[in-house]
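Asks: In this note's numbering, the protein residues as written are 181 to 305.
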Ligand SMILES: [Zn+2]
């Protein structure tokens, strides 16, 4: 997770929480996430919001058994990268005993155990 949080990012997390998640798309079809003023690939400032699909496809995952103190109470947990077409999102995968690449998951926002901070969470779709 990036620590570059600002209003654009918080607003985006709130949209995910409402089930209104979106990605930014430039005229060339490159996807990105807020906060962005320009496409990170081609620099085009004409970014349009595109709704995220209901489910994404599990791309990669890592099981974390020993976490940094910040996340100690969350461990063990699974960090996953999920492909939503335009963008790939990183978050915690919950309620899955044996994750499999390609499985379909939905994204939401929940709080971390350790810090009361919103966190992207994936669950089976
Ligand atoms: Zn672009």
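Every residue gets a Cβ at the ideal spot worked out from N, C-alpha and C, and that includes glycine.
1) Whose CB is closer than 6 Å to a heavy atom of ligand 1? List the residues in chain order.
2) State the DSSP-derived secondary structure class of residue 241, mapped to helix, strand or coil.
3) Excluding sequence positions up to five away, which residues of its chain have a Cβ less than 8 Å from the Cβ of residue 216?
4) Please confirm if the region 241 to 260 is in contact with the region 189 to 202, defined as three or more CB-CB distances below 8 Å between the two stretches.
5) What does the alpha-carbon distance come out to for the pair residue 253 and residue 292?
6) Work out the CA separation of residue 209 and residue 181 for me, nearest whole Å.
7) Between residue 223 and residue 240, what straight-line distance do the alpha-carbon atoms span, to the nearest angstrom?
8) Going by other Cβ atoms of all chains shown within 10 Å of its Cβ, with 16 needed for buried, is residue 285 buried or exposed?
Replies: Per the coordinate set shown:
1) Going along the chain, the residues that qualify are 206, 208, 210, 219, 221, 222, 224.
2) What you label residue 241 is simply residue 61 of the chain shown in a count that begins at 1. DSSP places residue 241 in strand when its eight states are reduced to three.
3) In the chain shown, the residue the question calls residue 216 occupies position 36. Same-chain partners within the cutoff: 188, 204, 227.
4) Short answer: they don't touch.
5) Your numbering for residue 253 matches position 73 in the chain shown. Your numbering for residue 292 matches position 112 in the chain shown. Across the structure, residue 253 and residue 292 are spaced so that their CA atoms are roughly 9 Å apart.
6) Counted from its first residue, the chain shown places residue 181 at position 1. Counted from its first residue, the chain shown places residue 209 at position 29. Any reading at residue 181 must be qualified, since the residue scores a pLDDT of 43, below 50, and its modelled position is unreliable; the value itself is stated next. Here the alpha carbon of residue 181 sits roughly 24 Å from the alpha carbon of residue 209.
7) Start at 1 with the first residue of the chain shown, and residue 223 comes out as number 43. Start at 1 with the first residue of the chain shown, and residue 240 comes out as number 60. The straight-line gap from Cα to Cα measures roughly 28 Å.
8) Against the chain shown, residue 285 aligns to sequence position 105. Classified as buried, residue 285 has 16 or more neighbouring CB atoms from the shown chains inside 10 Å of its CB.
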